[in-house]
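Notes to accompany the following structure.
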Amino acid sequence: MSTFPVNSSTIKMMKAVRIETTGGPEVLQLVDAPRPIAGPGEVLVRNSAIGVGMPDMLVRRGVYAWMPKLPAVIGIESAGVIESIGDGVTEFQTGQKVYINARDLPERSGGYAAYRVAPANAVHALSSHVDLQQAAALGNYQVAESLLRMCSAFPAPRSVAIFGAAGGVGSAAIQLAKARGWLVIGLAGSIDKCAFALNQGAHYSVNYREHDVVDAICKLSSGGVDLILDIASGDSVPDLFAALNPFGVVVSYGFLEGEPTARTVPSMRKRFGHSPGWRLFSMHSFDGLKDLRRDISKTVIKSLETGSIAPHIYKSFPLGEVQAAHRLFEQKVQMGKLILIP
Numbered sequence: 007m008s009t010f011p012v013n014s015s016t017i018k019m020m021k022a023v024r025i026e027t028t029g030g031p032e033v034l035q036l037v038d039a040p041r042p043i044a045g046p047g048e049v050l051v052r053n054s055a056i057g058v059g060m061p062d063m064l065v066r067r068g069v070y071a072w073m074p075k076l077p078a079v080i081g082i083e084s085a086g087v088i089e090s091i092g093d094g095v096t097e098f099q100t101g102q103k104v105y106i107n108a109r110d111l112p113e114r115s116g117g118y119a120a121y122r123v124a125p126a127n128a129v130h131a132l133s134s135h136v137d138l139q140q141a142a143a144l145g146n147y148q149v150a151e152s153l154l155r156m157c158s159a160f161p162a163p164r165s166v167a168i169f170g171a172a173g174g175v176g177s178a179a180i181q182l183a184k185a186r187g188w189l190v191i192g193l194a195g196s197i198d199k200c201a202f203a204l205n206q207g208a209h210y211s212v213n214y215r216e217h218d219v220v221d222a223i224c225k226l227s228s229g230g231v232d233l234i235l236d237i238a239s240g241d242s243v244p245d246l247f248a249a250l251n252p253f254g255v256v257v258s259y260g261f262l263e264g265e266p267t268a269r270t271v272p273s274m275r276k277r278f279g280h281s282p283g284w285r286l287f288s289m290h291s292f293d294g295l296k297d298l299r300r301d302i303s304k305t306v307i308k309s310l311e312t313g314s315i316a317p318h319i320y321k322s323f324p325l326g327e328v329q330a331a332h333r334l335f336e337q338k339v340q341m342g343k344l345i346l347i348p
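Heads up: the sequence shown at position 284 corresponds to 290 in the working numbering, and the numbers run straight through without jumps.
Structural data, given as structure tokens:
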């Protein structure tokens, strides 16, 4: 990929957020950086909206398993318009709306900037009517679509319970599951978040701080669900198998509450006659599966373009207020997506 130009009196500058060391939000530095130039086979994109997500927090803290080399301009996903194209690029034109996700790039970085360069074959075209702030939230929908498509033991699942239902991935999963015609139960930790889950399309919502989750799922689904999406994991995992239909699966795609206890396998054995499953999930499973990853991206882009999904933007921040955006994200109060505007 092209690097920043050097030793030139015609260098154009841009604003970018760089980290030189890891730590809290204070390590995020707004800097003037050379604007990248599109080389052969590449496009230069003027970012209109930048998504803020959990991978950004992990990179900033220095605990991401796929850390970019520091110093780095962090950021996974962005949406904007093509500013210029390099030699040999025929599938795009200047002024065209596009989406970029670092999952399609060699390094998980580069998003928190006014401009971004990428290989043309890593860029996703968008229809002209697409809202670019909503497009910058598509990374959550890629994860949610992958969870729903790849993680169930059922050939045709019919029901799902979703922890973190008011979060970016959780609300995306609600919308995508509802569009599939599934029964959707949203699980959240406050009255407001439960109301938000219903607004996103859940048939039911349950405040897991006030109710027995397993009992609620079983009552609302007339016995159990085919799939449970769990971003928290922790001590609650062993109890969730009792809320599954035969061949149902609990999917842990995060460990915010730590690893499940030693009770997990014994709890599964108690439900042996129902053949329960427990699966771990990471989007990095697709790192070597480009065609499948791109197909999932195309699916959610089409859903956005047709209006069958509608990402909710909780709040947008100017790029210069990136530290405030990270602090808000870590408070876990947002419902939907946080966005940076260059």
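The beta-carbon is built from N, C-alpha and C at its ideal position, and this holds for glycine as well.
Sorting 122, 304, 65 by C-alpha distance to the C-alpha of residue 54 places 122 at the top. The region 271-287 and the region 39-51 do not touch, with fewer than 3 CB-CB distances between them shorter than 8 Å.
Burial check for residue 339: the Cβ neighbour count within 10 Å stays below 16, so the residue is exposed. Within its own chain, the residues whose Cβ lies closer than 8 Å to the Cβ of residue 70, once the five positions on either side in sequence are excluded, are 61, 64, 114, listed in chain order.
Scanning its chain for C-beta atoms nearer than 6 Å, with the 5 sequence neighbours on each side dropped, one finds around residue 215 the residues 195, in chain order. Minimum Cα-Cα distance from residue 345 among the listed residues 292, 208, 322 corresponds to 322. Collapsing the DSSP output to three states places residue 40 in a strand.
For the pair residue 261 and residue 291, the CB atoms are not nearer than the 9 Å cut-off. Its chain contains 267 as the residues whose beta carbon lies nearer than 6 Å to that of residue 241, once the 5 sequence neighbours on both sides are disregarded; these appear in chain order. Beta bridge pairing from DSSP links residue 93 with no other residue.
Nearest to residue 159 by alpha-carbon distance, out of 250, 302, 342, 19, is 250. Of all C-beta pairs linking the region 230-239 to the region 125-144, fewer than three are shorter than 8 Å, placing the two stretches out of contact. Residue 256 is positioned such that its CB atom lies no closer than 9 Å to that of residue 165.
Rounded to the nearest angstrom, the gap between the Cα atoms of residue 83 and residue 107 is 4 Å. By the neighbour-count criterion, in which a residue is buried when 16 or more other Cβ atoms sit within 10 angstroms of its Cβ, residue 151 is buried. Looking at the DSSP output, residue 107 shares a beta bridge with 83. Around the beta carbon of residue 148, 16 or more other beta carbons sit within 10 angstroms, so the residue counts as buried.
DSSP, read as helix, strand or coil, puts residue 135 in coil. Leaving aside the five residues that flank residue 248 on each side, the residues in its chain whose CB is nearer than 6 Å to its CB run, in chain order, 220. Around residue 285, the same chain offers 157, 255, 257 as residues with beta carbons nearer than 6 Å, after the five sequence neighbours per side are excluded. Per DSSP, the beta bridge partners of residue 194 are 213. Judged by DSSP secondary structure, residue 50 falls outside any alpha helix (DSSP H) and instead within the beta strand (DSSP E) spanning 48-58. The three-state secondary structure of residue 276, taken from DSSP, is helix.
Counting along the chain, residue 323 sits inside the beta strand (DSSP E) bounded by residues 319-324.
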